[in-house]
Amino acid sequence: MVHLLLQFDPAIQRFMAMRVNTYEHFRPSPVSVAWGIAIVVIPMLGFGYLVKSSRDKLEASYRRGEVAYSDRGFKFN
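Numbering (my numbering), first residue to last: 6 to 82.
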């Protein structure tokens, strides 16, 4: 009779029902779209810009001959 030891908590039941039904009642709005863009798109674009700019600087120094071939990070050995 383990089920008799558990107590029914209406607050937990409401919380779990809210979690299950969230997507059924969600309607996209301009605010939710803005939050989605701010959380997903902007960090991805920012990180891509940082990676591309650093790689372009390295590539430019390689092409100008400022870095010896033996000192490069990506080389064939």
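Ideal placement from N, C-alpha and C gives every residue a C-beta, glycine not left out.
* Asked: Can you name the start and end residues of the alpha helix (DSSP H) that G137 belongs to?
  -> Only positions 6 to 82 of the chain appear in the structure, and residue 137 is not among them; the question remains open.
* Asked: Looking only at its own chain, which residues have a Cβ that is under 6 Å from the Cβ of S34, when we skip the five neighbours before and after it?
  -> If the five residues before and after S34 are omitted, its C-beta is found closer than 6 Å to no C-beta atom of its own chain.
* Asked: Rounded to a whole number of angstroms, what is the C-alpha to C-alpha distance between D76 and L50?
  -> The straight-line gap from Cα to Cα measures roughly 30 Å.
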